[in-house]
Amino acid sequence: MYSIKNISYEYLSQNNNRYSLVEKLAKLHYENLPKSKYTMIGIDAVKTLYLSLLTSKKINLFIAKKDNSEIIGFIISSQSKLSIAGLIFKNLFRNKYIKLKFLLQLIYFKNIKNIIIEIFNPSKDFLFEKNIKYSQILSLIVNKPEQGKGIAKRLIKLLFSISKSNECKKIISITTSYQKNAIFFYESIEEFKLVKKFKIGSNSFKLVYEANVL
Ligand SMILES: CC(C)(COP(=O)(O)OP(=O)(O)OC[C@H]1O[C@@H](n2cnc3c(N)ncnc32)[C@H](O)[C@@H]1OP(=O)(O)O)[C@@H](O)C(=O)NCCC(=O)NCCS
2 MYSIKNISYE
12 YLSQNNNRYS
22 LVEKLAKLHY
32 ENLPKSKYTM
42 IGIDAVKTLY
52 LSLLTSKKIN
62 LFIAKKDNSE
72 IIGFIISSQS
82 KLSIAGLIFK
92 NLFRNKYIKL
102 KFLLQLIYFK
112 NIKNIIIEIF
122 NPSKDFLFEK
132 NIKYSQILSL
142 IVNKPEQGKG
152 IAKRLIKLLF
162 SISKSNECKK
172 IISITTSYQK
182 NAIFFYESIE
192 EFKLVKKFKI
202 GSNSFKLVYE
212 ANVL
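This note's numbering runs 1 ahead of the 1-based position in the sequence shown.
Printed below as a string of structure tokens:
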């Protein structure tokens, strides 16, 4: 852990109790993505997805804390080439926290895959080169009042250093043309380059950014 002023940054590996952060991180995500991303999705759907994601052994979590208590930003990354939908589904049935209530919720949400697409920007297999180990950014959120203070930049720095120690060669992140701040952000980080751009609507795009881990 290292600190600047009253903000500290931490890497929470699989061994930490990430289950306790489900509510908080889901809320941060829900409140900080452009509302145009959501059609009929409520906070409960986001919490359900975060429950499966945060208890997955395959993800890494990086958090920024204010005054050593309040979480104000985070990155969820994965070293698996599975897309976020794959990770969420894979963890559903072997998860000790998943209860009948949770499964019923899923049935209630019905089109869970479309909800995942609405909330996250899932990757596709063909984006990954074979024989290269990747760190995939699944979620990057900084709470609105704290944006523009360099918090995401520090979280990314921590992601680079953990990716390096895990022998990942590339970091990949997918965003959309709706997420203007994310585009400004990735364009501002020297290591990230726009490598692919897909049309997803008449005037909207999915953007794939990649960085080499040196
Ligand atoms: C994208 C996001 C994580 C950036 O977090 P942040 O902590 O505000 O970013 P930083 O303060 O570290 O910004 C680093 C650099 O990015 C650029 N940048 C970030 N936001 C910007 C904005 N709104 N306008 C212009 N440049 C911006 C700047 O160059 C900045 O460096 P500078 O302040 O030295 O000029 C944040 O805006 C966010 O949570 N957005 C909503 C969720 C989202 O879209 N996440 C991405 C999912 S792919």
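We put the CB at the ideal spot given by N, CA and C, even for glycine. Note that the structure is predicted; figures quoted are calculated from it, not measured.
Inset, instruction - With Leu-13 as the anchor, note down where its beta strand (DSSP E) starts and where it stops. - result: Along the sequence shown, one-based indexing puts residue 13 at 12. Taken as a continuous stretch (DSSP letters only), the beta strand (DSSP E) holding Leu-13 covers 8-13.
Legend entry - Extent of the continuous beta strand (DSSP E) to which Thr-56 belongs: The residue you call residue 56 lines up with position 55 of the sequence shown. Premise fails: Thr-56 is in no beta strand (DSSP E) and is neither H nor E.
Legend entry - Cα-Cα separation between Asn-7 and Ser-203, rounded to whole angstroms: Start at 1 with the first residue of the sequence shown, and residue 7 comes out as number 6. Start at 1 with the first residue of the sequence shown, and residue 203 comes out as number 202. Linking Asn-7 to Ser-203 through their CA atoms gives a straight-line distance of about 44 angstroms.
Inset, instruction - With distances taken Cα to Cα, identify the nearest neighbour of Ser-84 among Leu-139, Gln-180, Ser-189. - result: The count along the sequence shown starts at 1 and reaches residue 84 at position 83. Checking every option, the nearest Cα to that of Ser-84 belongs to Leu-139.
Inset, instruction - Would you decide whether Leu-195 is buried or exposed? Buried here means 16 or more other CB atoms lie within 10 Å of its CB. - result: Translated into positions along the sequence shown, residue 195 becomes position 194. The residue is exposed, with fewer than 16 neighbouring Cβ atoms inside 10 Å.
Inset, instruction - Spell out a yes or no on whether the region 118-128 and the region 153-171 are touching, meaning 3 or more CB-CB pairs, one atom from each, closer than 8 angstroms. - result: Taking 8 angstroms as the limit for Cβ pairs, the verdict is that the region 153-171 does not touch the region 118-128.
Legend entry - Shell residues, 5 angstroms Cβ cut-off relative to heavy atoms of ligand 1: Environment of ligand 1, chain-ordered: Asn-33, Leu-141, Ile-142, Val-143, Gln-148, Gly-149, Gly-151, Ile-152, Ala-153, Lys-154, Thr-176, Gln-180, Asn-182, Ala-183, Phe-185, Phe-186, Ser-189, taking every residue with Cβ within less than 5 angstroms of a heavy atom.
Inset, instruction - Please confirm whether Leu-141 and Ser-178 have their CB atoms less than 8 angstroms apart. - result: One-based indexing of the sequence shown puts residue 141 at position 140. One-based indexing of the sequence shown puts residue 178 at position 177. Going by beta carbons, Leu-141 and Ser-178 fall outside the 8 angstroms limit.
Legend entry - CB of Lys-66 within 8 angstroms of CB of Ile-76, strictly: On the sequence shown, position 65 is the one that residue 66 refers to. On the sequence shown, position 75 is the one that residue 76 refers to. 8 angstroms or more divides the Cβ of Lys-66 from the Cβ of Ile-76.
Inset, instruction - Compare the beta carbon distance of Asn-61 and Ile-163 with 8 angstroms and say whether it is the shorter of the two. - result: As a first step, residue 61 is located in the sequence shown; it is residue number 60 there, counting from the start. As a first step, residue 163 is located in the sequence shown; it is residue number 162 there, counting from the start. The Cβ-Cβ distance between Asn-61 and Ile-163 falls below 8 angstroms.
Inset, instruction - Within 10 angstroms of the Cβ of Asn-92, are there 16 or more other Cβ atoms? Answer buried if so, exposed if not. - result: Here residue 92 refers to the residue found at position 91 when the sequence shown is read from its first residue. Buried, since its Cβ has 16 or more Cβ neighbours within 10 Å.
Inset, instruction - Consult DSSP for Lys-136 and reduce its assignment to one of helix, strand or coil. - result: Here residue 136 refers to the residue found at position 135 of the sequence shown. First, the amino acid is wrong: residue 136 is Ser here, not Lys. Strand at Ser-136.
Legend entry - Test: Ile-138 CB closer than 8 angstroms to a CB of chain B: In the structure shown, chain B does not exist; there is a single protein chain.
Inset, instruction - Could you tell me the distance, in whole angstroms, from the CA atom of Ser-81 to the CA atom of Lys-134? - result: Start at 1 with the first residue of the sequence shown, and residue 81 comes out as number 80. Start at 1 with the first residue of the sequence shown, and residue 134 comes out as number 133. Taking the Cα positions, Ser-81 is about 8 angstroms away from Lys-134.
Legend entry - Within 8 angstroms, strictly: CB atoms of Leu-29 and Ser-57: Reading the sequence shown from its first residue, position 28 is the one you call residue 29. Reading the sequence shown from its first residue, position 56 is the one you call residue 57. Cβ atoms of Leu-29 and Ser-57: not closer than 8 angstroms.
Inset, instruction - Please look up how many angstroms separate the CB atoms of Glu-211 and Ile-172, rounded, as I've assumed it's under 8 angstroms. - result: As a working note, residue 211 is residue 210 in the sequence shown. As a working note, residue 172 is residue 171 in the sequence shown. About 7 angstroms separates the two Cβ atoms, so the contact holds.
Inset, instruction - Can you say whether Asn-122 is buried or exposed, counting buried as having 16 or more other CB atoms within 10 angstroms of its CB? - result: The residue labelled residue 122 in the question sits at position 121 within the sequence shown. The residue in question, Asn-122, is buried, as its Cβ has 16 or more Cβ neighbours within 10 Å.
Inset, instruction - Going by CA-CA distance only, name the one from Arg-19, Glu-11, Leu-215, Tyr-31 that's closest to Glu-192. - result: Numbered from its first residue, the sequence shown carries residue 192 at position 191. Nearest of Arg-19, Glu-11, Leu-215, Tyr-31 to Glu-192, Cα basis: Leu-215.
Legend entry - Beta-carbon spacing of Ile-175, Ser-136 below 8 angstroms: Sequence index remark: in the sequence shown, residue 175 carries index 174 (1-based). Sequence index remark: in the sequence shown, residue 136 carries index 135 (1-based). Using a Cβ distance threshold of 8 angstroms, Ile-175 and Ser-136 do not count as a contacting pair.
Legend entry - Exposure label - Ser-21; buried when at least 16 CB within 10 Å: On the sequence shown, residue 21 is found 20 positions in, with the first residue counted as 1. A residue is called buried once 16 or more other Cβ atoms fall within 10 Å of its Cβ, and Ser-21, having fewer, is exposed.
Inset, instruction - State the Cα-Cα distance for the pair Gln-239 and Cys-169, rounded to the nearest angstrom. - result: Past the boundaries of the shown model lies residue 239; the chain is included only from 2 to 215, so the question cannot be answered.
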